[in-house]
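Here the structure comes first, spelled out in structure tokens, and everything after it is commentary.
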Amino acid sequence: MNKAAKDKEGISQFFEENKSKYVWSAPKYKGVVIYCLDKQTLDKVNKILPKLAVDSVPAVLNREFNKDGKKLVKMERGLFQEGANDVVDRTVFKKQGKKPQGEFSFTTVKGKLLTAPESYVDVKGPITADYQNYLEKKWVEDLRERHEIHVFNNVLNMIHE
């Protein structure tokens with residue numbers, strides 16, 4: 011899977027051409043779950059979050075709140091399905107879930123609910139495998155077009171004996 015995994019442009023185009031094959035049976039939440047040490051930190055984080063793009067949240071919050079050897083926030087970034095994270099379940103999916111206890115029990119989220127993958131990254135495993143198969147199939151077709159195939163039946167029969 012090396013070639014497929016490294017070819018970001020090719021895999022992205024392959025995804026765009028085959029989006030209908032990559033659907034989810036249930037929505038997923040794509041974003042960052044933020045755990046704050048205390049209510050004061052949570053309030054400060056909530057003031058900053060609306061101004062930030064999801065991709066910049068970890069870097070900005072680490073820079074602003076985790077400095078001088080003091081850690082005020084922890085983050086978990088990902089693509090969450092219902093049941094995968096209690097904070098996402100409570101906040102996004104509006105389900106009952108356990109509230110974090112102890113340190114870092116003040117939480118918020120930044121991201122969006124998706125009903126389908128927005129890019130190949132959201133279905134990276136399956137799309138990479140499919141793209142690798144596609145590349146191999148094209149490679150074999152190309153080889154067959156450029157080269158004549160000879161089957162030596164006498165050698166083939168020796169193998170079967």
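Residue numbering for the sequence shown follows my numbering, starting at 11 and increasing by one per position. For each residue, glycine too, the CB sits at the ideal point set by N, CA and C. None of the values given here were measured: they were computed from a predicted structure.
Neighbour-count burial assignment, V83, 16 or more Cβ in a 10 Å radius = buried
Exercise. Would you mind sorting F24 into buried or exposed? The rule is 16 or more other CB atoms within 10 Å of its CB.
Key: buried
Problem - Contact check, T125 vs A14, beta carbons under 9 Å - result: no
*asked:* In this structure, how does DSSP classify L52 when only helix, strand and coil are distinguished?
replied: helix
In its own chain, which residues sit with a C-beta less than 7 Å from the C-beta of G41, not counting the 5 before and 5 after it? V64, V119, K120, G121 and K122
Assuming G107 and D96 make a contact with CB atoms under 8 Å, what is their CB distance in whole Å? 4 Å
**Asked** Beta-carbon separation of L52 and T117 under 9 Å?
**Response** yes
Requested in this report: Please go through the same chain and pick out, in chain order, the residues whose beta-carbon is closer than 7 Å to the beta-carbon of F2, but skip the five residues on each side of it.
Outcome: A query on residue 2 cannot be resolved here, the shown segment of the chain reaching from 11 to 171 and no further.
So, S30 versus S129, is the Cβ gap smaller than 9 Å?
no
> How far does the beta strand (DSSP E) with V43 in it reach, from first residue to last?
Replying inline: K38 to C46
(message) Between the alpha carbons of L71 and E151, how many angstroms are there, rounded?
(response) 50 Å
query: For the beta strand (DSSP E) that contains L82, what are its first and last residues?
result: That residue, L82, is in no beta strand (DSSP E); it is neither H nor E in DSSP.
* Asked: Between which two residues does the beta strand (DSSP E) harbouring T118 extend?
  -> F116 to L124
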